[in-house]
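All remarks here apply to the structure that follows.
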Amino acid sequence: MFVTYFLLNVSQPHRIVERGIERRNGIMNDRKKTAERIKAARSLAGFAERKAFCSNFDLPLATLEAWERGKNPLTLKGAKRIVDALRSVNVYCSQQWLMEGKGFSPRPLEEISLELDMAFPNTLRSLEENLKIAKELSTFKTLNEGAIVTIVTDSGMSPFFEEGDYVGGIKKIPIAKALDKKCIVELLNGARIVRILTQGQNNTYTLEKTNPAGCSGHEESEKNIEILSAAPIIWHRSFSQ
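Each residue of the sequence shown is one higher than the last, beginning at 931 in the numbering used here.
This is the structure in structure tokens:
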């Protein structure tokens, strides 16, 4: 019994040492991956040289070098400084991706705008939500021939669609197949508007609203309008979802 107790006590320090080594290796591996992500983001922003990046954004060279060599851990404050620097040169990157490799990887803001196929918001508020919706939009357009998407620009279709919501539909040919449905309507000038499409006079259409008070002028409908296309809405996402 004494021998067993002795052996257990002798082996215990070795296990502690092994666990310590494993933990240290794990930390170093995480730092190495973080370092690679920082360098990738910096390069995407057009700064091949570490010194140029630091000089441009008033970041201590020794600090960035320690992060990129894995000597020091990247702090939340440090990640925010890098994210802010990248945004100032039109590159989006999340703090979570820099620190953990999760979420959205760095990409040019112009690419996000093209991915959404619509005007990019003036603010970066809700950008994470925007990117998630962009992936859904891409899938929707890939799977459906003739699909179009847009952002609701007023409250004329409340409570069904609110200003700022994303909607998608599939163009109907002939347009008559889209009558009496909530549609993305493409006007002659190329603008897109969300309305209920009804028949007008002489090959024109009337655009009905469910909430006339939500628009300037408060008209219930826009009558006898010529349009290019109409796509009944089958996909809808809101920032609040």
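Yeah, the Cβ is synthetic: ideal placement off N, Cα and C, and Gly gets one too.
_I need the DSSP call for E1066, collapsed to helix, strand or coil._
The three-state reading of DSSP puts E1066 in helix, counting H, G and I together.
_Starting from V1082, trace the alpha helix (DSSP H) in both directions and tell me its first and last residue._
Boundaries cannot be given for V1082, as no alpha helix (DSSP H) includes it and DSSP labels it neither H nor E.
*On the premise that L1016 lies in contact with T964, defined as a C-beta separation below 8 Å, what is that separation, rounded to the nearest angstrom?*
With 8 Å as the limit, T964 and L1016 do not qualify as a contact, their Cβ atoms being about 15 Å apart.
_Three-state secondary structure (DSSP) of Q1129_ = Here Q1129 carries a strand assignment [DSSP, helix/strand/coil].
*Would you mind reading off the limits of the alpha helix (DSSP H) that contains I1012?*
Under the DSSP assignment, I1012 falls in the alpha helix (DSSP H) whose first and last residues are L1006 to S1018.
*Where S985 falls, given that 16 or more other Cβ within 10 Å makes a residue buried*: Exposed, since its Cβ has fewer than 16 Cβ neighbours within 10 Å.
_Beta-carbon spacing of V1115, D1095 below 8 Å_ = Taking a C-beta distance under 8 Å as the contact criterion, V1115 and D1095 do not qualify as a contact pair.
*How should K1007 be labelled, buried or exposed, when 16 other C-beta atoms within 10 angstroms of its C-beta is the threshold for buried?*
Classification of K1007: exposed, given that the 10 Å Cβ count is below 16.
*Output the distance between the C-alpha atoms of R961 and H1166, rounded to the nearest integer angstrom.*
In this structure, the CA atom of R961 is about 41 Å from the CA atom of H1166.
_Beta-bridge partners of R1167, as assigned by DSSP_ = Bridge partners of R1167: Y1096.
*Okay, do the segment 1131-1143 and the segment 1070-1081 touch, 3+ Cβ pairs below 8 Å being the bar?*
Contact between the segment 1131-1143 and the segment 1070-1081 is absent, because fewer than three Cβ pairs lie under 8 Å.
*asked:* What would DSSP say about P1051, mapped onto helix, strand or coil?
replied: At P1051 the pLDDT is 48, less than 50, meaning the model places this residue with poor confidence; the figure from the coordinates comes in the next sentence. The answer is coil: DSSP assigns P1051 none of H, G, I, E or B.
_Here's a check: name, in chain order, each residue in its chain whose Cβ is nearer than 8 Å to the Cβ of R884, leaving out the five neighbours to either side._
Since the displayed the chain opens at 931 and closes at 1171, residue 884 lies outside it and no answer follows.
*Please classify I1105: does DSSP put it in a helix, a strand, or coil?*
In the three-state DSSP reduction, I1105 falls in the helix class (H, G or I).
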